Amino acid sequence: MYGVSFKTLALVILGTLAIMSVQPMRVSAMPLIQQQNSPDVLHPHPSPHPKFFSGKTLIERRDAGSNCRNLSVNDLKQLPGFNKLVQKAKHKHGKGKYTIKTNDDHFRGHSALICVNEPAKVTYNAGTTKSHYCQPTTADTQGTLTGTNGTVAVTVLQGVQTTAQYTISSAASIGLSDMFQTQVGFPGITDLFDFFTTSVTITNTQTQSFMTQHTAQTTLTLTMASVEGDKCEAKEVVQQCTIPSTGIIQLVAQGTAWWEYESRTGDKDNKDAGKHYAWMLDINELSIPDRSGYIKFEGNMEVVTKGNYNGVCK
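Using this note's numbering, read the sequence shown as starting at 218 and increasing by one per residue.
What follows is the structure, encoded as structure tokens:
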């Protein structure tokens, strides 16, 4: 009842051996699949062959209002120091045929961007004192009777309000037509206003315009004694100023670019790194001027100041 024939035992043993021989094949196939769908982790030389990848863009272009944008291959080629990267690639990896890529899907974690370097600098065309730009005038503000004791209160504004309108006179060769958010710094003008900054969003296209405003005003109440029937008003000094000015915004490229070769190549300066299809070049190794572009703008800043009040009843 519990006996097993020799023929049956042999079949069981053969079946077990067959299962054991198949299992390692399924396990050994996994590393090959992973190798085709993930980058070579050898840094700074990540390098799978491009035929394994779709080449989709890794990083979407940033929303309007950001101070950075993706650096395209065309942008890279517009950099003053681009030829230095080309020569470095030839020195290290030879003269083989290659394709340059930035922000590519299979080079995750290695982006290339164009960013606003620092607040834009504004320069005034005729000096830094208000006498160059302002024409003082006077204006009247009427008051109203408050209470029964013949007291009149007049509410007035004191301070400065600026409105600047600028046009892009020269677009940067990188990030062309892109939108950037930046700060604009306005130097102080003696007896007019102190240094201040405003936020603007600009389009890197020649003849495009942008506007920025700044207000630093306070409300004052002048109280005056009056005789019944008198008309009271506050005389204020108003200065209207037109200030021609220019400015410059510096865009700087940063991050990494990739040289993908048609055949595997090594690194002359690091022979232990092996041979790969793609090699990373660090854009940040270029000097700031070698990886910069400049947006220039010009226009007028209109300034209105109010102050020096004098109450009069008559």
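Idealized CB from N, CA, C, for every residue including glycine.
All figures in this text were calculated on a predicted structure; none of them were measured in a lab.
For this session: Return the residue from the list R286, N320, G344 that minimises the CA-CA distance to V333.
Result: It is R286.
For this session: Could you name the residues that DSSP lists as bridge partners for S387?
Result: K513.
Exercise. Smallest Cα separation from F514: which of Q304, Q423, A329?
Worked result: Closest option to F514, Cα to Cα, is Q423.
Problem set entry | For S462, the residue or residues it bridges with in DSSP | Answer is Y341, G516.
For this session: Would you list the residues sitting across from L413 in a DSSP beta bridge?
Result: Per the sequence presented here, residue 413 reads as Phe, with Leu not at that position. F403, per the DSSP bridge assignment.
Exercise. So, do the stretch 409-424 and the stretch 470-482 have three or more beta carbon pairs nearer to each other than 8 Å?
Worked result: Counting C-beta pairs closer than 8 Å gives fewer than three between the stretch 409-424 and the stretch 470-482, which falls short of the contact rule.
For this session: Assuming L437 contacts G528 (C-beta within less than 8 Å), just tell me the rounded distance between them.
Result: Between L437 and G528 the beta-carbon gap is near 11 Å, outside 8 Å, which marks them as no contact.
For this session: Note down the Cα distance separating P336 from T399, rounded to an integer number of angstroms.
Result: P336 and T399: Cα-Cα distance of roughly 6 Å.
Exercise. Quick one, are the C-beta atoms of T345 and T407 less than 8 Å apart?
Worked result: Cβ atoms of T345 and T407: closer than 8 Å.
Exercise. Cα separation between V369 and Y526?
Worked result: Pairing V369 with Y526, the inter-Cα distance amounts to about 15 Å.
Problem set entry | 8 Å Cβ shell around I465 - same chain, five flanking residues per side excluded | Cβ-Cβ distances below 8 Å link I465 to A337, K338, Y511, I512, K513, F514 in the same chain, with the five nearest sequence neighbours on each side left out; the list follows chain order.
Exercise. Ends of the alpha helix (DSSP H) at H493?
Worked result: That residue, H493, is in no alpha helix (DSSP H); its beta strand (DSSP E) goes 493-499.
Exercise. When you compare only the Cα positions, how much space is there between T319 and T372?
Worked result: Between T319 and T372, the C-alpha separation is close to 60 Å.
Exercise. What span of residues does the beta strand (DSSP E) with L439 cover, start to end?
Worked result: From DSSP, the beta strand (DSSP E) with L439 extends over 426-442.
Exercise. In the DSSP assignment, what residue or residues form a beta bridge with L374?
Worked result: L374 pairs with T436.
Exercise. Beta-carbon separation of V377 and T473 under 8 Å?
Worked result: At a Cβ-Cβ threshold of 8 Å, V377 and T473 do not count as neighbours.
Exercise. Can you give the Cα-Cα distance for K488 and K309, rounded to whole angstroms?
Worked result: Taking the straight line joining both Cα atoms gives about 10 Å.
For this session: Might you give, ordered along the chain, the residues of its own chain that have their beta carbon closer than 6 Å to the beta carbon of G311, omitting 5 neighbours on each side?
Result: Result list for G311: T482, in chain order.
For this session: Going by DSSP, name the residue or residues bridged to G300.
Result: Residue identity differs from the one stated: residue 300 is Asn in this sequence, not Gly. Answer is none; N300 lacks a bridge partner.
Exercise. DSSP state of N527, grouped into three classes?
Worked result: Strand at N527.
Problem set entry | Separation of K448 from F412, as counted between CA atoms | Cα to Cα, the separation comes out at about 40 Å.
Problem set entry | Residue burial classification, R508 (beta-carbon count within 10 angstroms, cutoff 16) | Classification of R508: buried, given that the 10 Å Cβ count is 16 or more.
Exercise. Should the stretch 497-508 be regarded as contacting the stretch 296-304, the criterion being three or more beta carbon pairs within less than 8 Å?
Worked result: Two segments are said to touch when three or more pairs of C-beta atoms, one from each, lie closer than 8 Å; by this definition the stretch 497-508 touches the stretch 296-304.
Exercise. K488 CB to nearest chain D CB: under 8 Å?
Worked result: The structure shown has no chain D; it contains just one protein chain.
Exercise. By how many angstroms is the C-alpha of Q375 removed from the C-alpha of Q457?
Worked result: Each residue's alpha carbon lies about 14 Å from the other.
For this session: Go through its chain and collect everything with a Cβ distance to T316's Cβ below 6 Å, but skip five positions before and after it.
Result: Hits under 6 Å: E477.
For this session: Give the single residue among Q471, V520, W475 whose Cα lies nearest to the Cα of L330.
Result: Nearest option by C-alpha distance: Q471.
Exercise. In chain order, what residues of the same chain have a beta carbon less than 8 Å from the beta carbon of V444, not counting five sequence neighbours either side?
Worked result: Non-local C-beta neighbours of V444 in its own chain, meaning closer than 8 Å and more than five positions away in sequence, comprise G367, C530, ordered along the chain.
Problem set entry | S238 in three-state terms, based on DSSP | Confidence in S238 is poor, its pLDDT being 39 and thus under 50, which makes the residue's placement too unreliable to answer from.
Problem set entry | Segment limits, alpha helix (DSSP H) that includes L330 | From DSSP, L330 is part of no alpha helix (DSSP H) but of the beta strand (DSSP E) over 329-333.
For this session: Check L468 in the structure and name its three-state DSSP category.
Result: Strand.
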